[in-house]
Amino acid sequence: MAKVLYSVTMSVDGFITGPDGDMQWMRPYLGPNPEVDDLIRRIGSILAGRRSHDGDDPHKGEAGEGHAFGGGWSGPLFVLTHRPPTSPESGVTYVDEFAKAIAMAKEAAGDKYVNVIGANVAKQCIEAGELDEVLLLFVPVMLGDGTRLFDQPGGRTVALERLSVTDNELATNLWFKVVR
Numbered sequence: 001m002a003k004v005l006y007s008v009t010m011s012v013d014g015f016i017t018g019p020d021g022d023m024q025w026m027r028p029y030l031g032p033n034p035e036v037d038d039l040i041r042r043i044g045s046i047l048a049g050r051r052s053h054d055g056d057d058p059h060k061g062e063a064g065e066g067h068a069f070g071g072g073w074s075g076p077l078f079v080l081t082h083r084p085p086t087s088p089e090s091g092v093t094y095v096d097e098f099a100k101a102i103a104m105a106k107e108a109a110g111d112k113y114v115n116v117i118g119a120n121v122a123k124q125c126i127e128a129g130e131l132d133e134v135l136l137l138f139v140p141v142m143l144g145d146g147t148r149l150f151d152q153p154g155g156r157t158v159a160l161e162r163l164s165v166t167d168n169e170l171a172t173n174l175w176f177k178v179v180r
């Protein structure tokens, strides 16, 4: 059975994008990360939000631009959106309902991970009780503004259990299980 994982690179002040969805801040931290390299082989499908899918790419101008993990991963990609494009992208399934999108992504993933991309989709996974794990790659930068990892006006507590902590020269990886 597939597990749903939110894996994301984050500044130490809690932002996953810079202002206006900027992802170029991430470029200095895209180097080797053995834990991410191992994870890529364990991803069976990706569930992304439309803004994340269509947004800025930290691999802009490189061979992997426009592809998950800079071209390091390929497979079934599901984009959750209420505005499917008039000219759909090859290899991408656009889905307008969360429950249907998560079910399709889980089925496609088999016994691997559904990797969630996008703060809003991750929030929907949390609200639906569908998020199983979180992998945070903390990098040594403060952005000051942008999209927060998890933003819940009025507050909401989501308990996490630490599974592992690993360091490399570019990031500190914290892997958590969502406590239900």
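In full-length UniProt numbering, the protein residues as written are 1 to 180.
Quick reminder that beta carbons are idealized off the backbone N, C-alpha and C, glycines included.
First and last residue of the beta strand (DSSP E) that includes residue i?
| i | result |
| --- | --- |
| Leu143 | First-last for Leu143: undefined, no H or E at that position. |
| Ala48 | 43-49 |
| Val4 | 3-11 |
| Lys177 | 172-178 |
| Glu161 | 160-167 |
Among the candidates the options, whose CA atom is the shortest distance from the CA of residue i?
| i | options | result |
| --- | --- | --- |
| Glu97 | Ser90, Ala105, Gly91 | Ala105 |
| Tyr113 | Thr86, Gly154, Ile40 | Ile40 |
| Glu89 | Lys100, Ala99, His82, Leu77 | Leu77 |
| residue 198 | Arg51, Asp167, Leu47 | The structure shown does not extend to residue 198, since the chain spans only 1 to 180, so no value can be given for it. |
| Pro153 | Asn120, Val95, Leu47, Thr172 | Asn120 |
| Ala138 | Met1, Ser7, Ala2 | First, the amino acid is wrong: residue 138 is Phe here, not Ala. Here the closest residue by C-alpha is Ser7. |
| Trp73 | Ala109, Val12, Ala2, Gly155 | Ala109 |
I'd like the list of long-range same chain contacts for residue i, defined as Cβ closer than 7 Å, with 5 residues on each side in sequence excluded.
| i | result |
| --- | --- |
| Phe176 | Glu133, Val134, Leu160, Glu161, Arg162, Leu163 |
| Trp25 | Gly18, Val141, Leu143 |
| Glu35 | Thr166, Asn173 |
Looking only at its chain, what residues have a beta carbon closer than 8 Å to the beta carbon of residue i, apart from the 5 residues adjacent to it on each side?
| i | result |
| --- | --- |
| Gly31 | Glu169, Leu170 |
| Asp145 | Phe15, Gly18, Pro19 |
From residue i to residue j, what distance separates their C-alpha atoms?
| i | j | result |
| --- | --- | --- |
| Asp111 | Phe69 | 20 Å |
| Ala128 | Pro28 | 34 Å |
| Arg42 | Lys60 | 25 Å |
| Cys125 | Asp38 | 23 Å |
| Gly118 | Asp20 | 14 Å |
| His53 | Thr93 | 12 Å |
Once the 5 residues before and after residue i are set aside, which same chain residues still bring their CB inside 6 Å of it?
| i | result |
| --- | --- |
| Leu136 | Met10, Leu174 |
Go to residue i, then tell me how far its alpha helix (DSSP H) extends in each direction, as first and last residue.
| i | result |
| --- | --- |
| Val121 | 119-127 |
| Phe69 | From DSSP, Phe69 is part of no alpha helix (DSSP H); its letter is neither H nor E. |
Please check the pair residue i and residue j, which I expect to be a contact at CB under 8 Å, by giving their CB distance rounded to whole angstroms.
| i | j | result |
| --- | --- | --- |
| Gly66 | Asp57 | 6 Å |
| Gly71 | Gly64 | 3 Å |
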